[in-house]
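Protein chains: 2
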Amino acid sequence: MLRQSDPREINPQGEGLVKGVAVDPVIFGFHENQLKILIVEHTDTGLYALPGGYIQETEDVDDAAKRILAMRTGLSDVYLQQFHVFGKYNRNNPDVIKTILLGQGFQPTDDHWSLKRFISIGYYALVDYTKTKLTLDPTTGSCEWYTLENLPPLILDHRIIIEKALATLRSNLDQLLIAFNLLPAMFTMAELHTLYETILGKKLLNTNFQRKMLSLGILERIEKKKTGKAHKSPYLYSFRSSEPE
Amino acid sequence: MLRQSDPREINPQGEGLVKGVAVDPVIFGFHENQLKILIVEHTDTGLYALPGGYIQETEDVDDAAKRILAMRTGLSDVYLQQFHVFGKYNRNNPDVIKTILLGQGFQPTDDHWSLKRFISIGYYALVDYTKTKLTLDPTTGSCEWYTLENLPPLILDHRIIIEKALATLRSNLDQLLIAFNLLPAMFTMAELHTLYETILGKKLLNTNFQRKMLSLGILERIEKKKTGKAHKSPYLYSFRSSEPE
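Line order of the protein sequences matches chains A and B.
Counting from 1, position 124 in the first sequence corresponds to residue 124 in UniProt numbering; the numbering is continuous, with no gaps.
Counting from 1, position 96 in the second sequence corresponds to residue 96 in UniProt numbering; the numbering is continuous, with no gaps.
Following this line, the structure appears as C-alpha cells:
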C-alpha cells in the first residue's frame, strides 16, 4: 500500500481550509458480485471512519470530493455523486476528534476549530475495487474494504451516512446502472439479475424481475448471437441511450 | 401581507449563526394546475432572490430550513426535501451582498463574514399556495409567487438552484406524489395525467401515460362508483401503501 504525505491532509491549524464543513465519501467497491465499503482507521486510535476530508478555501466542494477520492483510491473519472448533507448541530464529538489528533501527535486546545460544529456533505462513488490503489496518508493507519456485514463500529454518524448512501444507491439503481457502467455494453437478463441482487442484498424472483425490467423501457433487446445453437443462447440486451416518454 | 420582525434574520454581526453556510429553499406553489415559485425582493435594491436564510449555531440544518419555510409561508408540516449543495468556491458575490446590506441600512466592512465564501444547501418544498400566508421580514421588500416563465433575474446562482430543484422534482415525481399529498385519496387517471403534465411542463400522450403509470405498480384500481351509468364513469385509483417488489 502506498503511503503519501499530502500537506493538505495533515494540517492541524487548518490554514487554507473551509472551517465547519467536511466531505465524507462513501466509496462502494464492486467486483464479482460483491459490494464493499472503504473504511480508514485513524493512526494509533482504533477509531474507524469514512475516508473523509476538508475543503480548501479556493476549491469547489465537488472538487474536494474528487480530490479526496483520487487521493485514497488513485481513481479519477469515476461516478461520484453528492447525496445528502448531515447537519445535526451536535453531530461532532470533540472527545473523538481529540483522540484522533492525539494519535497524529497533535494536542489541540479546547477551542480548536476541528472540535466545533461540523456539517458533513455526503458523496457516494461506485468503483471496481480491483482497479483501486489504496493510499495511506499520515493521518490513517489503515485503509481497507469491508463488507456491509463486517463493518467495524464507526465514529460519529458515519454508519448513518453509509445507510443513507446505500438507500440512495438502491433507489436510484435503474438510472444509475448506465452511469456507473457496471455492465458490459451487452448483457443477459441473468447478468442484470445478479447485479441487482448483489446491490439490493436480497433475492429477486426471476419472472417478476424480467417483467419489471422490461416494463421500465430502458432496455433494448439485441438479436441472439449466431452460435449454431441459437435456441439455447439467451437474449442479449443493451441500455437505450435515453429514456423514452 | 404580514410584516414580522425576526431578530435572527436581521443580524448583520451574525451572532449565533453558522458562518459560511446558508439554506436556500425553492418553494414550489401548486394550485389548480399552476406551478409557481416564491421569490423575495431585497428591500430597496431591486435584487431578487430565493427566500433563503442562515443556520443558528444550535440548530440542525434541516430545522433551519423548516424555520425559514414556516417564517415565509406560515406553513409547517409540509414536504420539504434537501436536494443539493451548491459549493462553487466563488459563488458568492460581495458587491451584491453589500448592496443588499446597504438596503437594510447596514454598511459592512470589507472583511464582513457575509461577503466571504458561502456554501448553499438547497431544499425544495411543494405547497398549496392558496394556503400560504406570505410574510415579509425587515430584509425583504416583497415576497411573491412567480411562474417559471416570468421569473425576474436572480442574484448569484439562484436561477441554477431553481433549475436543479425542478429537475429533481421531475425525476422523483412518481415517488413524490404520495409524499406531497397532491391528490385526493382516490383519483381518476385523467386527474393524475393533468398533474404530471403540469409539473413536467409538457403534454403526455394519453395511452402511453396510462400504460406507464400502471406498469410502475404503485396504483391500485378501485371499483367504479355505482352511478347507474357505470360504463361511463372512469375508474378510480389510489396509491398502494408501499411499493411491491
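By construction, the Cβ of each residue, glycine as well, lies at the ideal position given by its N, Cα and C atoms.
How would you write the range of the alpha helix (DSSP H) that residue i sits in, first residue to last?
i, result
"I155 of chain A", "Segment: none, I155 of chain A is in no alpha helix (DSSP H) and carries neither H nor E."
"F118 of chain A", "Neither: F118 of chain A is in no alpha helix (DSSP H) and is coded neither H nor E."
"L69 of chain B", "61-73"
With 8 Å as the threshold, decide whether the Cβ of residue i is near any Cβ in chain A.
i, result
"V61 of chain B", "yes"
"R121 of chain B", "Before going further, note that residue 121 of chain B is Ile rather than Arg in the sequence given. It does: the Cβ of I121 of chain B has a partner Cβ on chain A nearer than 8 Å."
"T194 of chain B", "no"
"V21 of chain B", "yes"
"V26 of chain B", "no"
"V96 of chain B", "no"
"K85 of chain B", "According to the sequence shown, residue 85 of chain B is Val rather than Lys. Yes, contact with chain A."
At least one CB of chain B closer than 8 Å to the CB of residue i: is that the case?
i, result
"K133 of chain A", "no"
"K88 of chain A", "yes"
"R117 of chain A", "yes"
"S215 of chain A", "yes"
"P82 of chain A", "Correcting the residue type first, residue 82 of chain A is Gln in the shown sequence and not Pro. Closer than 8 Å to some Cβ of chain B, the Cβ of Q82 of chain A qualifies, so yes."
"residue 250 of chain A", "Residue 250 of chain A lies beyond the range of chain A shown here (1 to 245); nothing can be said about it."
"A73 of chain A", "The amino acid occupying residue 73 of chain A in the given sequence is Thr; Ala does not appear at that position. Cβ-Cβ to chain B under 8 Å: no for T73 of chain A."
"T198 of chain A", "no"
"E57 of chain A", "yes"
"V18 of chain A", "yes"
"V78 of chain A", "no"
Give the secondary structure of residue i by DSSP, where H, G and I count as helix, E and B as strand, and everything else as coil.
i, result
"T140 of chain A", "strand"
"T132 of chain A", "coil"
"E197 of chain A", "helix"
"T147 of chain A", "strand"
"I110 of chain A", "A small correction: the amino acid at residue 110 of chain A is Asp; Ile does not occupy that position in the sequence shown. D110 of chain A falls in the coil class under three-state DSSP."
"V127 of chain A", "strand"
"P51 of chain B", "coil"
"P12 of chain A", "coil"
"K98 of chain A", "helix"
"R91 of chain A", "coil"
"L219 of chain B", "strand"
"S238 of chain B", "strand"
"E57 of chain B", "coil"
"Q104 of chain A", "coil"
"T207 of chain B", "helix"
"T188 of chain B", "strand"
"T168 of chain B", "helix"
"L183 of chain B", "coil"
"K202 of chain B", "coil"
Please work out which residues of its chain come closer than 6 Å, Cβ to Cβ, to residue i, disregarding the five sequence neighbours upstream and downstream, and give them in chain order.
i, result
"H193 of chain B", "F209"
"residue 251 of chain A", "Absent from the structure is residue 251 of chain A, since the part of chain A shown begins at 1 and ends at 245."
"E220 of chain B", "S238, R240"
"G87 of chain B", "I119"
"L183 of chain A", "none"
Under 8 Å by Cβ, that's how I've got residue i and residue j pegged, so tell me the actual separation to the nearest angstrom.
i, j, result
"A64 of chain A", "I55 of chain A", "4 Å"
"F118 of chain B", "V23 of chain B", "Contact flag wrong, Cβ pair sits at about 11 Å."
"S114 of chain B", "L101 of chain B", "7 Å"
"R72 of chain B", "L38 of chain B", "7 Å"
"I26 of chain A", "A165 of chain A", "Correcting the residue type first, residue 26 of chain A is Val in the shown sequence and not Ile. V26 of chain A to A165 of chain A, Cβ: 4 Å. Contact."
Kindly indicate the opening and closing residues of the beta strand (DSSP E) around residue i.
i, result
"residue 246 of chain A", "Lying before the first or after the last residue shown, residue 246 of chain A is absent from chain A, which here runs from 1 to 245."
"Q81 of chain A", "80-86"
"K36 of chain B", "34-42"
Just to confirm my understanding: we take residue i, look at its own chain, exclude 5 residues before and 5 after, and list those with CB closer than 8 Å. What are they?
i, result
"L169 of chain B", "F28, Y124, L126, L176, I199"
"N93 of chain B", "I155, L156"
"K212 of chain A", "none"
"F106 of chain B", "P12"
"Y89 of chain A", "R117"
"D95 of chain A", "none"
"I222 of chain B", "M186, Y235, L236, Y237, S238"
Excluding the five sequence neighbours on either side, which residues of its own chain have a C-beta within less than 7 Å of the C-beta of residue i, listed in chain order?
i, result
"P7 of chain A", "At P7 of chain A the pLDDT is 41, less than 50, meaning the model places this residue with poor confidence; the figure from the coordinates comes in the next sentence. Result list for P7 of chain A: empty, nothing under 7 Å."
"A185 of chain A", "S238"
"E57 of chain A", "G16, L17, V18"
Is there at least one non-hydrogen atom of the ligand PLP closer than 7 Å to the beta-carbon of residue i?
i, result
"T130 of chain A", "Looking at this structure, you won't find the ligand PLP or any other ligand, since it has none at all."
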